[in-house]
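Chains as they are written, first to last, in our numbering: chain D, 1 to 192; chain H, 1001 to 1192.
By construction, the Cβ of each residue, glycine as well, lies at the ideal position given by its N, Cα and C atoms.
Okay, so here's the structure we're looking at.
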């Protein structure tokens, strides 16, 4: 996806310890037009794979929300973000799975109200990064708890060095990423 | 804004203590098409007020992100969300202001990297709720710290009973809300 790759080459930086900083266009500051293009790209790629009708886009707060919302807007379906923090409005029953924050290192409980995922749903998981795969695995487990079916997983940036695909879980749905990044000599490297 | 008001009448519920639950379309689960309509509505209303060119949309994570991203997409400008949590990627210098969470009650530091707001910027603040006004006031102070000018403030839902407009600060920019809500007998009431 050229617009994304160009932006990465121009603005991504390497912070060490496997952390790639993309806060000028993907998180913290978000390029709203690029998000629209990312949403269209995910919709087209999953359609080309024949995943069929999808009824929900699922992500985890915070930085998954922009690409997930853009994708849901293109597909014309609701976007659900798993919550990481307690809230006065998060009451009743929820699906829950634990992950570990890649950038903070702490354990986090992801929760989704049981009203928002049901057995008849077909769910597309969208997130900003495929790194360790632990957050995606938690989202997959939440989909499994709900009885919904998984249509696919799409991530904006994959870091293959962290081998996250091994941790996502035993799924048959396709896993896509729009850019695969590594690092060398303290520089971000676009892998393909 | 009819689509929003209809959705509120159908799906909003009152939790007591001034908390209105809108987690089936505005936060947690987000109606992506409604967000697009909200973005267009904010863009049109601020244009009708003659606010002129805007270079950034500013909000606070988490629930401000969907309406802010939708508005930035319509305007074709970046969206910046103030961060509430420490992050390995939030380094260097930032503007900072304290607020108090309306739904959790705790003090929260909002931070925006100094790279993303500059004196030549003209900033539109967008958030989901205008309740106590404390988060909007923190965002206004961040704009002031940066030297940027404030073009306007737009909120999806205003709760006039909490008199938040008094707390936003001394500003001359227009403050808009798309729906004004109260409560009576444990029911959400649309005020106008």
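Quick one: is residue i buried, meaning 16 or more other Cβ sit within 10 Å of its Cβ, or exposed?
i	result
residue 192 of chain D	exposed
residue 49 of chain D	exposed
residue 29 of chain D	buried
residue 93 of chain D	exposed
residue 119 of chain D	exposed
residue 53 of chain D	exposed
residue 1184 of chain H	exposed
residue 1186 of chain H	exposed
residue 1009 of chain H	exposed
residue 161 of chain D	exposed
residue 152 of chain D	buried
residue 158 of chain D	buried
residue 946 of chain H	Residue 946 of chain H lies beyond the residue range present for chain H, which begins at 1001 and ends at 1192; the question has no answer from this structure.
residue 221 of chain D	For chain D, the structure presents residues 1 to 192; residue 221 of chain D sits outside this window and is missing.
Could you check whether residue j and residue i sit closer than 8 Å to each other, using their CB atoms as the reference points?
i	j	result
residue 1258 of chain H	residue 1134 of chain H	The first residue shown for chain H is 1001 and the last is 1192, placing residue 1258 of chain H beyond what the model contains.
residue 141 of chain D	residue 111 of chain D	no
residue 59 of chain D	residue 102 of chain D	no
residue 1181 of chain H	residue 1190 of chain H	yes
residue 156 of chain D	residue 26 of chain D	yes
residue 1138 of chain H	residue 1097 of chain H	yes
residue 124 of chain D	residue 62 of chain D	no
residue 13 of chain D	residue 188 of chain D	yes
residue 64 of chain D	residue 19 of chain D	no
residue 991 of chain H	residue 1136 of chain H	Not covered by the structure: residue 991 of chain H. The range shown for chain H is 1001 to 1192.
residue 1004 of chain H	residue 1034 of chain H	yes
residue 55 of chain D	residue 121 of chain D	yes
residue 178 of chain D	residue 143 of chain D	no
What three-state label does DSSP hand residue i in the structure shown?
i	result
residue 98 of chain D	strand
residue 187 of chain D	strand
residue 1083 of chain H	strand
residue 163 of chain D	coil
residue 1146 of chain H	helix
residue 1062 of chain H	coil
residue 175 of chain D	strand
residue 6 of chain D	helix
residue 117 of chain D	coil
residue 1074 of chain H	helix
residue 103 of chain D	coil
residue 1168 of chain H	coil
residue 1136 of chain H	helix
residue 36 of chain D	helix
residue 49 of chain D	coil
Can you check DSSP and say which residues form a bridge with residue i?
i	result
residue 152 of chain D	D:124
residue 158 of chain D	D:130 and D:180
residue 109 of chain D	D:98
residue 56 of chain D	D:123
residue 1013 of chain H	H:1021
residue 30 of chain D	H:1079
Three-pair Cβ contact test at 8 Å for the stretch 34-50 of chain D versus the stretch 63-70 of chain D: yes
Validate contact between the stretch 1072-1079 of chain H and the stretch 1144-1164 of chain H using beta carbons, cut 8 Å, 3 pairs: no
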